[in-house]
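Below is one structure, written out as structure tokens; the observations come after it.
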Amino acid sequence: MTRLFLNLLVISILLLLPFSSTAKERIMLIGDSLSAGYGLKQDQSWVNLLQNKYVEEKKPIEIINTAISGQTTDNALLKIDTWLQVHEPSHVLIELGGNDGIRGFPIKLLKNHLTELVNKSTQAGATVALMEIQIPPNLGPRYTSMFTNSYHTVAKQTGAYFMPYFMTKVAVDKALMQNDNLHPNAKAQPIIRDFMDIEIDKWLKSIK
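Heads up: the sequence shown begins at 1 in full-length UniProt numbering, then just goes up one per residue.
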């Protein structure tokens, strides 16, 4: 009886192995007000909408949102070691730099900070995606161009997956923006959710 029980137990464990070895994707999002839901109720933000979609579709993906309104790349560098240790993400998505650009931070400094954020995440065992960020042309075409190009450069140098900006179509439609013309409103959130659903899916498939 004992031998039969042990045999059945071994078979049960073997049958469960394929399922237990499928790890849940834990995507840690490092971002600013655009992902923190500035000016919105928390359940309206695109991050929450996308997480709810994953739950409804039974996709084994969890988004860990560390986005903070006003966050700059140097602010994030002060916290990333703790975030990586606490959350142990399998993936890191960096949506950051807009506040650096608006304040006119030196491009070299931005590139150094982004590179360090990517490298720290990679060293912690996470797969990294770097989102391109675009800023208003207030500081002139040269700075604006150098700013945007820095994301392509860092992604190429570090091997991070390059992800397109999620505000490109939203930012040009005043009906989708808050009164400050910097932050997307509630109507824009489902649009960003759908965009990010597609882009994250592309990213995850590119790894496999």
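The C-beta atom is built at its ideal place from N, Cα and C for all residues, glycine as well.
Collapsed DSSP secondary structure at residue i in the structure displayed
i: ALA160; result: coil
i: GLY98; result: helix
i: ASN181; result: coil
i: GLU56; result: helix
i: VAL170; result: coil
i: TYR165; result: coil
i: LYS134; result: It should be noted that the sequence gives Gln, not Lys, for residue 134. DSSP places GLN134 in coil when its eight states are reduced to three.
i: ARG142; result: helix
i: SER150; result: helix
i: LEU50; result: helix
Residue i, enclosing alpha helix (DSSP H) - first and last residue
i: THR82; result: 73-87
i: MET196; result: 189-207
i: ASN112; result: 107-123
Beta-carbon contacts of residue i that lie in its chain and below 8 Å, excluding the five residues immediately before and after
i: TYR151; result: GLY97, LEU114, LEU130, MET131, GLU132, ILE133 and PHE162
i: LEU176; result: VAL170, PRO184, ASN185, LYS187, ALA188 and ILE191
i: PRO164; result: MET131, GLU132 and GLU199
i: GLY70; result: ASP32, SER33 and ASN99
Contacts around residue i, its chain only, beta-carbon distance under 7 Å, and the 5 residues preceding and following it disregarded
i: PRO18; result: Model confidence at PRO18 stands at a pLDDT of 39, short of 50, so the residue's coordinates are unreliable; what they give is reported in the following sentence. Result list for PRO18: empty, nothing under 7 Å.
i: LYS156; result: none
i: ALA76; result: ILE30, LEU96 and LEU117
i: THR153; result: LYS111
i: ASP74; result: HIS113
i: ILE107; result: MET146, PHE147 and SER150
Per DSSP, cross-strand counterpart(s) of residue i
i: GLY31; result: GLU95
i: ASN65; result: LEU29
Presumed contact (8 Å Cβ cut-off) between residue i and residue j, rounded CB distance
i: VAL47; j: ASN65; result: 5 Å
i: GLU95; j: SER35; result: 5 Å
i: residue 219; j: VAL172; result: Past the edges of the chain, shown from 1 to 208, lies residue 219, and the structure says nothing about it.
Limits of the unbroken beta strand (DSSP E) element including residue i
i: ALA129; result: 127-131
Cβ neighbours of residue i in the same chain (closer than 6 Å, five flanking residues each side left out)
i: ALA124; result: LEU84
Neighbour flag for residue i against chain B, beta carbons, 9 Å
i: TYR38; result: Looking at the structure shown, chain B is missing, and only one protein chain is on hand.
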